[in-house]
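Top to bottom, those sequences are chains A and B.
Sequential numbering from 1 applies to the first sequence in our numbering.
Sequential numbering from 377 applies to the second sequence in our numbering.
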Amino acid sequence: MDKLLLLWDSTALAHFEAGQLVMMLVGFGLLYLAIVKKFEPLLLLPIGFGALLTNIPIAGFSEAGGLLHYIYKIGIDTGVFPLLIFMGVGAMTDFSALIANPRMLLLGAAAQFGIFATLFGAIALNLLPGFEFTLKDASAIAIIGGADGPTAIFLASRLAPDLLGAIAVAAYSYMALVPIIQPPIMKALTTKAEREIKMGQLRFVSKREKIIFPLAVLFLTILFLPAATPLVGMFCFGNLMKECGVVDRLSNTAQNELINTVTIFLGLAVGSKLSAEAFLTVETLGILGLGAIAFAIGTATGVLMAKLMSRLSGNAINPLIGAAGVSAVPMAARVVNKVGLEANPHNFLLMHAMGPNVAGVLGSAVAAGILLALVG
Amino acid sequence: MDTDSVTSLLMEAASLMLIGMLFVFSFLGLLILGIHLIARFCKAFPGEVDSESVSTSRPKHSAQPGIDGNIIAAISAAVHTHRQSNKNI
Chain A
1 MDKLLLLWDS TALAHFEAGQ LVMMLVGFGL LYLAIVKKFE PLLLLPIGFG ALLTNIPIAG
61 FSEAGGLLHY IYKIGIDTGV FPLLIFMGVG AMTDFSALIA NPRMLLLGAA AQFGIFATLF
121 GAIALNLLPG FEFTLKDASA IAIIGGADGP TAIFLASRLA PDLLGAIAVA AYSYMALVPI
181 IQPPIMKALT TKAEREIKMG QLRFVSKREK IIFPLAVLFL TILFLPAATP LVGMFCFGNL
241 MKECGVVDRL SNTAQNELIN TVTIFLGLAV GSKLSAEAFL TVETLGILGL GAIAFAIGTA
301 TGVLMAKLMS RLSGNAINPL IGAAGVSAVP MAARVVNKVG LEANPHNFLL MHAMGPNVAG
361 VLGSAVAAGI LLALVG
Chain B
377 MDTDSVTSLL MEAASLMLIG MLFVFSFLGL LILGIHLIAR FCKAFPGEVD SESVSTSRPK
437 HSAQPGIDGN IIAAISAAVH THRQSNKNI
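Right under this line is the structure:
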């Protein structure tokens, strides 16, 4: 009988807690979204599976000695994984559209209002019972509005590691939902005539300009915002490798093998943060709500800024491209193109939207640097 | 959390919002200037011809001016029919 009890005690069935079961369901939900709905599958699949693993009773994946515990310690606690991903993203990014039309940087800047407005909203939530967000928590939540996964994970790991799971899940879920969240806001804020505006062809950008650009961005960041140099520095390094043309092997590794390897571990480590005690709280609901608001506000301010620039420039800018300022590369730019085509089937805005889109990546990295410098 | 501490946090968040947006705009505004300067520099010192512009001009070289367009059309038509007939087998 003793042996039977011992055997029973060694099964997971005897140790399952309700919270773990719910979190496993959340994990399955993420797997469903990734596999069936194809929502950011590269990240939601490892995150979902990490959530399954971390909630297995007895196995202790996320306790000291467990696999996910070490992956988290090595990769996210230190901030290394999001930075390596950022390097890969830099190696994949083409800044030509932005260099050809540098005014687009203003759209990338305007869309960052979503971040700072959400910071305000997160603190205001403290007026409700059950919410106790500090300024650090609120900053980490607000960065969801930057629509940039690695930046959100990097900032959350620095400012609010306890909220990291919820923040990462919210950030990637909303990035997948960009085609659903953005179009109604874009249409509400623009007239049909504005959506039909055709933009002039972009000028040719020389290779030399593309090589100097990442160095110039890094130089400005070193001078004015050293707190953002981990993010911006790795991003510019990746971009320089791509553009200089003499280290194609390194550039290819950064944008393929390395980023893929790191993505696997990053996803699993984020999933390991989806434990019942950390995730099943009223704060998670707040984070999910605030994330959606951050996205919506960022989209709206981007479009409004583009409208203003359109007026000032005598209708040379289609206001839709402002929505791409939230980053979420290249999804947001594709959404702009699609909404533009609905208004005018001959109007291809993709290249024009890539300018604010990559400007948004820089903008959210700068915003993260500001939050790190002022709050961290 | 009591209302007083929330109010002071809200004040702090509002100042963060103001400073943050000002900084993002001025930083990226400075970058606009930077890009214009880079463009001007590259115009003044174009250096050697870009590899990209060389690659775009390559197809022109490969199409030799001596070959008649009709001959090319005839050859491609012949290759096409040959492939089609092979497919049927």
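Every residue gets a Cβ at the ideal spot worked out from N, C-alpha and C, and that includes glycine.
In this text, all values refer to a predicted model and were calculated from it rather than measured experimentally.
Closer than 7 Å: residue i CB and nearest the ligand ATP heavy atom
i, result
"B/P422", "Absence of the ligand ATP is noted for the structure shown, with no ligands found whatsoever."
Option in the options with minimal Cα separation from residue i
i, options, result
"A/V89", "A/P46, A/L374, A/V358", "A/V358"
"A/L274", "A/V232, A/A122, A/G50, A/L43", "A/G50"
"B/L404", "A/V366, A/F348, A/G146", "A/V366"
"A/H352", "A/I317, A/L177, A/V361", "A/I317"
"A/M331", "A/F95, A/Q182, A/L5", "A/Q182"
"A/Y174", "A/Q201, A/M1, A/I293, A/I85", "A/I293"
"A/N256", "A/M24, A/L42, A/L7", "A/L42"
"A/A97", "A/S206, A/M23, A/P230", "A/S206"
"A/A59", "A/I180, A/T11, A/A152", "A/T11"
"A/A306", "A/A110, A/G289, A/N337, A/I143", "A/A110"
"B/A420", "A/I153, A/R208, A/L31, A/V36", "A/R208"
"A/S327", "A/Q201, A/A171, A/G121", "A/A171"
"A/G165", "A/L13, A/G322, A/E277, A/G298", "A/E277"
"A/T299", "A/L202, A/V169, A/P356", "A/P356"
Burial state of residue i, where buried means 16 or more other Cβ atoms lie within 10 Å
i, result
"A/R334", "buried"
"A/D148", "buried"
"A/A188", "exposed"
"A/D137", "buried"
"B/K436", "Model confidence at B/K436 stands at a pLDDT of 45, short of 50, so the residue's coordinates are unreliable; what they give is reported in the following sentence. When all chains shown are included, B/K436 counts as exposed."
"A/P129", "exposed"
"B/S433", "At B/S433, the pLDDT of 43 sits below 50, so the modelled position is not reliable; the number obtained from the coordinates is stated separately. B/S433 should be labelled exposed."
"A/E17", "exposed"
"A/E40", "buried"
"A/Q20", "buried"
"A/N55", "buried"
"B/S431", "No answer about B/S431 holds up, because its pLDDT of 45 lies below 50 and its placement is not dependable."
"B/S429", "Note that B/S429 scores 47 on pLDDT, short of 50, meaning its location in the model is unreliable and no value can be drawn from it."
"A/A343", "buried"
"A/L5", "exposed"
"A/A91", "buried"
"B/N446", "exposed"
"A/S272", "buried"
"A/S139", "buried"
"A/R195", "buried"
"A/P184", "exposed"
"A/S157", "buried"
Pair within 8 Å by beta-carbon distance, residue i and residue j
i, j, result
"A/F113", "A/V262", "no"
"A/G108", "A/G363", "yes"
"B/I408", "A/R103", "yes"
"A/L159", "A/G369", "no"
"A/L371", "A/G340", "no"
"A/N260", "A/F95", "no"
"A/P57", "A/H15", "yes"
"A/L125", "A/F133", "yes"
"B/A389", "A/L119", "yes"
"A/L68", "A/A227", "no"
"A/I144", "A/G289", "no"
First through last residue of the alpha helix (DSSP H) which encompasses residue i
i, result
"A/R249", "248–253"
"B/H412", "379–420"
"A/S173", "164–176"
"A/A367", "350–374"
"A/L220", "207–224"
"A/T263", "259–271"
"A/L42", "41–54"
"A/N239", "229–244"
"A/F154", "149–159"
"A/N337", "331–343"
"A/I287", "282–312"
"A/F279", "276–279"
"A/K192", "192–195"
Contained alpha helix (DSSP H) runs [length at least 4] in the stretch 63–145 of chain A, N- to C-terminal order
67–71, 80–92, 96–100, 104–110, 113–124, 135–142
List, from N- to C-terminal side, the alpha helix (DSSP H) runs of 4 residues or more that fit wholly inside the stretch 2–39 of chain A.
2–9, 18–35
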